[in-house]
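>
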Amino acid sequence: MNDDPRAEIRATVTAIVDRRGEDRTGRAWKELSEGGFHLIGVPEEAGGSGGGLGELSVVVDVAAFHAVPVPVAETAFLAGWLLARAGLSVPAGMTVASLDEAIGHRQDGVLRLSGRLRVPWARHAGHVVTMVRCAEENLVAVIPGDAGVDLVTAENLAGEPRDLLVLDGVAAAASAAAPPGLDAAALLRRGALARSVQLAAAARAVLVSARRHVTEREQFGRPLARFQAVQQHLAALAAQVTAMQVSAQAAVAAVEHGDADAAVAVAAAKATTSAGARQVAAIGHQLHGALGYSSEHHLGAVTTRLWAWREEFGNESHWHDHLAAALHDRAWWPLLTGDAG
597 MNDDPRAEIR ATVTAIVDRR GEDRTGRAWK ELSEGGFHLI GVPEEAGGSG
647 GGLGELSVVV DVAAFHAVPV PVAETAFLAG WLLARAGLSV PAGMTVASLD
697 EAIGHRQDGV LRLSGRLRVP WARHAGHVVT MVRCAEENLV AVIPGDAGVD
747 LVTAENLAGE PRDLLVLDGV AAAASAAAPP GLDAAALLRR GALARSVQLA
797 AAARAVLVSA RRHVTEREQF GRPLARFQAV QQHLAALAAQ VTAMQVSAQA
847 AVAAVEHGDA DAAVAVAAAK ATTSAGARQV AAIGHQLHGA LGYSSEHHLG
897 AVTTRLWAWR EEFGNESHWH DHLAAALHDR AWWPLLTGDA G
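Terminal number for the sequence shown in the numbering used here: 937, no gaps in between.
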């Protein structure tokens, strides 16, 4: 019997998402929801499944590794987190966090929202959770799916829904004042952390696929893995994937433990994983040759996610600038080495 809850979560979620067949997305999301995995990391008193950020990251990692299109990152990592921080309960049905701020105003005691929001999975959402600015105050608000908003469907490079909501005085179903420190910048960091975990997992999937391919595929009577050039490419790929994994795991640990420099760790993770995404995808496709570009091949599913997630919640340029500003005029060597002395 396994006494490691994270290992058990990984095994169970893997069994759910690592199945092919028709309606893979709907079936996987249904089983994840029925098992409470879609709200791991959200406190039980808020309507979640309990557990910590580490457990939630396992679920997000497994889903990204298998390239199964389910919105667990948007639901638990972002929407559930926002609701719990604001003291609001998770509403019934799927919740989705917005990428931007909406502007709110009070009318007859009702909070009404206006603005244009890019929202992952909005077309499937029962509710959309967003940050709102109202009279110089930060609010967390819930937009009901039947609020009559104008929705323009769109997708990212991986085919994942990235819909546009056009709000014009839409009434919020619920709202609450955000606690100090919870604002659009905090939501951006949280989203960057989620995408860092996903990018690292997708990169690992590329490495696993590449190793299998060069081992099984032969040329001139011997496996591709025996050729020196292939070995060099594989080594470079492994090094990049390791850097992405370590940075993402370190950021998750820093946030989970409430480290003082957690924001720096998140910035470093997103900068590292976004920058590494391009190299990982390039080497992965080079090692697979033409096979990796077919729609049936798993490689294409993960590399398109690498390209898409790289840009979401800030690309490497954005977070490199953030890191430069954070490290300006401070003792950065102890931060880099972990030596507080």
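We put the CB at the ideal spot given by N, CA and C, even for glycine.
Keeping to the same chain, check which residues put their C-beta closer than 6 Å to that of E812; ignore five residues upstream and five downstream.
Taking the sequence shown and counting its residues from 1, the one referred to as residue 812 is at position 216. Excluding residues within five positions, none has a Cβ falling inside 6 Å.
> Please confirm whether R719 and D759 have their CB atoms less than 9 Å apart.
For the purposes of this step, residue 719 is identified with residue 123 of the sequence shown, where counting begins at 1. For the purposes of this step, residue 759 is identified with residue 163 of the sequence shown, where counting begins at 1. For R719 and D759, yes; Cβs fall inside 9 Å.
> Would you decide whether I636 is buried or exposed? Buried here means 16 or more other CB atoms lie within 10 Å of its CB.
For the purposes of this step, residue 636 is identified with residue 40 of the sequence shown, where counting begins at 1. Classification for I636: buried.
> CB-CB under 7 Å to H918, same chain, minus the five flanking residues each way: which ones, in chain order?
For the purposes of this step, residue 918 is taken as residue 322 along the sequence shown, with counting starting at 1. Excluding sequence neighbours, H918 sits near A863.
> If I follow the unbroken beta strand (DSSP E) through H723, where does it start and stop?
Locating residue 723 in the sequence shown gives position 127, where the first residue counts as 1. First-last of the beta strand (DSSP E) with H723: 723–730.
> Which runs of the beta strand (DSSP E), 3 residues or longer, sit entirely within the stretch 649–726?
Runs found: 691–703, 706–716.
> Taking its Cβ as the centre, do 16 or more other Cβ atoms sit within 10 Å of S913, making it buried, or is it exposed?
For the purposes of this step, residue 913 is taken as the residue at position 317 of the sequence shown. Flag for S913 reads exposed.
> If distances are taken between C-alpha atoms only, which option among R906, H809, D857, A688 comes closest to A642?
If you number the sequence shown from 1, residue 642 lands on position 46. Here the closest residue by C-alpha is A688.
> Using beta-carbon positions only, say whether A769 and H829 come within less than 9 Å of one another.
Along the sequence shown, read from residue 1 onward, the residue named residue 769 stands at position 173. Along the sequence shown, read from residue 1 onward, the residue named residue 829 stands at position 233. Taking 9 Å as the Cβ cut-off, A769 and H829 do not qualify as a contacting pair.
> Where do the ends of the beta strand (DSSP E) carrying S645 lie?
Within the sequence shown, residue 645 is the residue found at index 49, counting from 1. S645 -> no beta strand (DSSP E), and no H or E assigned at all.
> In the DSSP assignment, find the unbroken beta strand (DSSP E) run with G765 in it and report its ends.
Start at 1 with the first residue of the sequence shown, and residue 765 comes out as number 169. Element bounds for G765: 758–767.
> Of the residues C730, L783, S870, R800, which one's Cα is nearest the Cα of A676?
For the purposes of this step, residue 676 is taken as the residue at position 80 of the sequence shown. Reading off the sequence, residue 676 comes out as Gly, not Ala. Comparing Cα-Cα distances from G676 to each of C730, L783, S870, R800, the minimum goes to L783.
> Is it true that the stretch 642–655 meets the stretch 699–711, where meeting means three or more beta-carbon pairs spaced less than 8 Å apart?
Contact between the stretch 642–655 and the stretch 699–711 is absent, because fewer than three Cβ pairs lie under 8 Å.
> Let me know if H853 comes out buried or exposed under the rule of 16 or more other beta-carbons within 10 Å of its beta-carbon.
Here the question's residue 853 lines up with position 257 in the sequence shown. When all chains shown are included, H853 counts as exposed.
> Considering only residues of the same chain and omitting the five flanking positions on each side of G872, which have a CB-CB separation below 7 Å?
Within the sequence shown, the letter at position 276 stands for residue 872. Cβ neighbours of G872 beyond the five flanking positions: A799, Q836, A839, M840.
> Hey, out of T749, R708, A721, D779, whose CA is closest to E733's CA?
Here the question's residue 733 lines up with position 137 in the sequence shown. It is D779 whose Cα lies nearest to the Cα of E733.
> For H924, count neighbouring C-beta atoms within 10 Å of its own C-beta (all shown protein chains included) and say buried if the count is 16 or more, exposed if not.
Residue 924 sits at position 328 when you count from the first residue of the sequence shown. H924 is exposed by the Cβ-count criterion.
> Measuring only the C-alpha atoms, how far is V876 from L895?
To locate residue 876, count along the sequence shown from 1; it is residue 280. To locate residue 895, count along the sequence shown from 1; it is residue 299. About 11 Å.
> Between the C-alpha atoms of K866 and R785, what's the straight-line distance to the nearest angstrom?
Translated into positions along the sequence shown, residue 866 becomes position 270. Translated into positions along the sequence shown, residue 785 becomes position 189. The straight-line gap from Cα to Cα measures roughly 9 Å.
> If you run the structure through DSSP and keep just helix, strand and coil, what is V638?
Indexing the sequence shown from 1 puts residue 638 at position 42. Coil, per DSSP.
> With distances taken from CA atoms, which of P716, A772, R606 is nearest R729?
Here residue 729 refers to the residue found at position 133 when the sequence shown is read from its first residue. It is A772 whose Cα lies nearest to the Cα of R729.
> Taking the continuous alpha helix (DSSP H) assigned at E627, which residues delimit it?
Position 31 of the sequence shown, counted from the first residue, corresponds to residue 627. Element bounds for E627: 620–630.
> With which residues is A773 paired in a DSSP beta bridge?
Mapped onto the sequence shown, residue 773 falls at position 177. Answer by DSSP bridge pairing, in chain order: L735.
> Can you tell me which of the three DSSP states G937 falls into?
Residue numbering aside, residue 937 sits at position 341 when the sequence shown is read from its first letter. Reliability fails at G937, whose pLDDT of 49 lies under 50, so the model's placement of it is uncertain and the value that follows must be treated cautiously. Three-state DSSP puts G937 in coil, outside helix and strand.
> Please report the straight-line C-alpha distance between A858 and R714, rounded to a whole angstrom.
Locating residue 858 in the sequence shown gives position 262, where the first residue counts as 1. Locating residue 714 in the sequence shown gives position 118, where the first residue counts as 1. Roughly 26 Å separates the two Cα atoms.
> Please check the pair A846 and A861, which I expect to be a contact at CB under 8 Å, by giving their CB distance rounded to whole angstroms.
Against the sequence shown, residue 846 aligns to sequence position 250. Against the sequence shown, residue 861 aligns to sequence position 265. With 8 Å as the limit, A846 and A861 qualify as a contact, their Cβ atoms being about 6 Å apart.
> Compute the Euclidean distance between the alpha carbons of E640 and D619, then round it to the nearest angstrom.
Stepping through the sequence shown from its first residue, residue 640 is reached at position 44. Stepping through the sequence shown from its first residue, residue 619 is reached at position 23. One C-alpha to the other measures close to 30 Å.
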